[in-house]
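Numbering (my numbering), first residue to last: 24 to 342.
Heads up: the structure comes next, in structure tokens.
Here it is, written out as structure tokens:
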């Protein structure tokens with residue numbers, strides 16, 4: 024088998040030192056006796072690891088600095104950038120690409136969070152979606168919901184979103200439901216889905232927890248997210264087969280209380296996009312089975328104060 028330098032690593036020489044570096048790490052092999060020739064070999068797009076000394080080759084493979092090359096599985100041009108991304112996290116990136124093509128995602132709420140999650144998941148290669156939302160497009164949506172445009176005003180969001188996404192990715196498949204949660208047909212809607220995105224916040228933010236709990240009880244993985252002005256959060260990936268606790272068990276609020284934690288009416292595309300993008304990334308890592316990158320135990324909180332962003336994690340949700 025031939026190998027190549029992993030896409031997130033670079034190589035250079037510093038005097039006689041062989042230096043490998045990426046965004047987060049740097050590894051230096053000091054006074055390497057064959058540094059120039061080794062650099063020339065690894066700089067090739069593809070090389071035989073036998074051209075390297077065995078000890079060095081084993082070290083580079085062990086630290087994922089060089090990775091296997093699969094010459095017969097080159098992706099179409101549209102998928103090359105995403106395949107290169109997966110190449111950082113797995114040995115066979117094309118397997119990830121093919122895996123995502125066969126996944127189905129149900130998105131409840133195609134608003135500020137759900138619409139961006141839809142755009143990102145479709146862009147990484149997921150082909151099948153179910154969209155569930157009772158609302159129509161309004162001009163006030165445009166500051167944070169980029170999938171819609173002026174001609175969509177008054178049209179059901181699920182219809183407008185599916186039509187506009189097909190203009191960009193003509194191989195997507197949609198089923199749309201002009202419906203709100205909770206709904207009697209919930210089980211029949213999500214039964215074929217591999218993941219449920221809970222992106223609703225009406226009548227209260229607790230609705231998103233109930234939706235994820237309903238998915239949990241059906242054995243379907245899910246997650247939810249929300250954002251305000253100074254704070255946003257993303258739930259863990261709740262997978263009934265892998266998670267240590269359910270959505271209800273992760274909540275320290277009284278789910279039976281009549282008090283409603285209503286969403287803020289103010290919004291900004293910047294805050295919304297940060298949370299939505301991080302949320303979508305967790306979903307795609309889960310669906311591609313990149314276990315090392317999945318947060319399945321903690322809520323991620325992103326807060327902003329005096330121009331500084333802070334990220335912290337908690338076991339429970341705090342609204």
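Heads up, the beta-carbon is just placed ideally off N, CA and C, and yes, glycines get one too.
Computed from a prediction, not measured in an experiment: that's the story for all the values here.
I'd like to confirm the pairing. Which residues does DSSP put opposite residue i in its beta bridges?
{"i": "residue 33", "result": "44"}
{"i": "residue 340", "result": "274"}
{"i": "residue 221", "result": "131, 247"}
{"i": "residue 179", "result": "159"}
{"i": "residue 256", "result": "249, 324"}
{"i": "residue 26", "result": "70, 91"}
{"i": "residue 332", "result": "327"}
{"i": "residue 261", "result": "245"}
{"i": "residue 154", "result": "130, 199"}
Where do the N-terminal and C-terminal ends of the beta strand (DSSP E) with residue i fall, by residue?
{"i": "residue 129", "result": "127 to 131"}
{"i": "residue 197", "result": "196 to 200"}
{"i": "residue 91", "result": "89 to 91"}
{"i": "residue 327", "result": "322 to 328"}
{"i": "residue 70", "result": "Premise fails: residue 70 is in no beta strand (DSSP E) and is neither H nor E."}
{"i": "residue 234", "result": "Segment 229 to 240 is the alpha helix (DSSP H) holding residue 234; no beta strand (DSSP E) there."}
{"i": "residue 49", "result": "49 to 52"}
Could you pull the start and end residues of the alpha helix (DSSP H) that residue i belongs to?
{"i": "residue 209", "result": "209 to 213"}
{"i": "residue 245", "result": "Taken as a continuous stretch (DSSP letters only), residue 245 belongs to no alpha helix (DSSP H), being part of the beta strand (DSSP E) at 245 to 250."}
{"i": "residue 310", "result": "292 to 310"}
{"i": "residue 66", "result": "58 to 66"}
{"i": "residue 170", "result": "It is not in any alpha helix (DSSP H) - residue 170 carries neither H nor E in the DSSP assignment."}
{"i": "residue 104", "result": "103 to 112"}
{"i": "residue 205", "result": "Segment: none, residue 205 is in no alpha helix (DSSP H) and carries neither H nor E."}
{"i": "residue 142", "result": "137 to 146"}
{"i": "residue 78", "result": "77 to 85"}
{"i": "residue 116", "result": "116 to 124"}
Do the CB positions of residue i and residue j come within less than 7 Å of each other?
{"i": "residue 168", "j": "residue 138", "result": "yes"}
{"i": "residue 261", "j": "residue 245", "result": "yes"}
{"i": "residue 303", "j": "residue 143", "result": "yes"}
{"i": "residue 185", "j": "residue 199", "result": "yes"}
{"i": "residue 100", "j": "residue 120", "result": "no"}
{"i": "residue 335", "j": "residue 324", "result": "yes"}
{"i": "residue 30", "j": "residue 158", "result": "no"}
{"i": "residue 257", "j": "residue 301", "result": "yes"}
{"i": "residue 202", "j": "residue 155", "result": "yes"}
{"i": "residue 319", "j": "residue 140", "result": "no"}
{"i": "residue 308", "j": "residue 297", "result": "no"}
{"i": "residue 313", "j": "residue 112", "result": "yes"}
{"i": "residue 269", "j": "residue 239", "result": "yes"}
{"i": "residue 98", "j": "residue 26", "result": "no"}
Nearest CA to the CA of residue i: which residue from the options?
{"i": "residue 339", "options": "259, 325, 312", "result": "259"}
{"i": "residue 28", "options": "38, 44, 105", "result": "44"}
{"i": "residue 53", "options": "270, 42, 46", "result": "42"}
{"i": "residue 380", "options": "241, 271, 249, 55", "result": "As shown, the chain starts at 24 and ends at 342. That puts residue 380 outside it, with no answer to give."}
{"i": "residue 349", "options": "268, 327, 317", "result": "With the chain represented from 24 up to 342, any question about residue 349 goes unanswered, as that position is not in the structure."}
{"i": "residue 254", "options": "316, 230, 331", "result": "331"}
{"i": "residue 49", "options": "87, 71, 268", "result": "87"}
{"i": "residue 170", "options": "187, 161, 337, 163", "result": "187"}
{"i": "residue 204", "options": "213, 57, 230, 194", "result": "230"}
{"i": "residue 55", "options": "333, 315, 115, 75", "result": "75"}
{"i": "residue 306", "options": "217, 51, 212", "result": "217"}
{"i": "residue 105", "options": "329, 311, 219", "result": "311"}
{"i": "residue 57", "options": "40, 128, 70, 241", "result": "40"}
{"i": "residue 128", "options": "66, 213, 77", "result": "213"}
{"i": "residue 176", "options": "165, 161, 190, 333", "result": "161"}
Would the beta-carbon of residue i be found less than 6 Å away from any heavy atom of the ligand GDP?
{"i": "residue 44", "result": "For the structure depicted, the ligand GDP is absent and the ligand set is empty, with no information on it obtainable."}
Using a Cβ-Cβ cut-off of 7 Å, state whether residue i counts as contacting chain C.
{"i": "residue 71", "result": "Among the protein chains of the structure shown there is no chain C, as only one such chain exists."}
Cβ pair count under 8 Å reaching 3, the region 117 to 136 against the region 206 to 224: As far as the Cβ criterion goes, the region 117 to 136 touches the region 206 to 224, which means the pair count is three or higher.
Three-pair Cβ contact test at 8 Å for the region 117 to 130 versus the region 150 to 158: Because the criterion of three Cβ pairs below 8 Å is met, the region 117 to 130 and the region 150 to 158 touch.
Contact between the region 179 to 188 and the region 205 to 220 (3+ Cβ pairs under 8 Å): The way I'd put it, the region 179 to 188 doesn't touch the region 205 to 220; fewer than three beta-carbon pairs between them come closer than 8 Å.
Three CB pairs or more closer than 8 Å across the region 289 to 298 and the region 233 to 247: Contact between the region 289 to 298 and the region 233 to 247 is absent, because fewer than three Cβ pairs lie under 8 Å.
Cβ contact (3+ pairs, closer than 8 Å) linking the region 55 to 69 and the region 36 to 43: Between the region 55 to 69 and the region 36 to 43 there are three or more C-beta pairs closer than 8 Å, enough to call the two in contact.
Cβ pair count under 8 Å reaching 3, the region 75 to 82 against the region 91 to 106: The region 75 to 82, when compared against the region 91 to 106, does not touch it at the 8 Å Cβ threshold.
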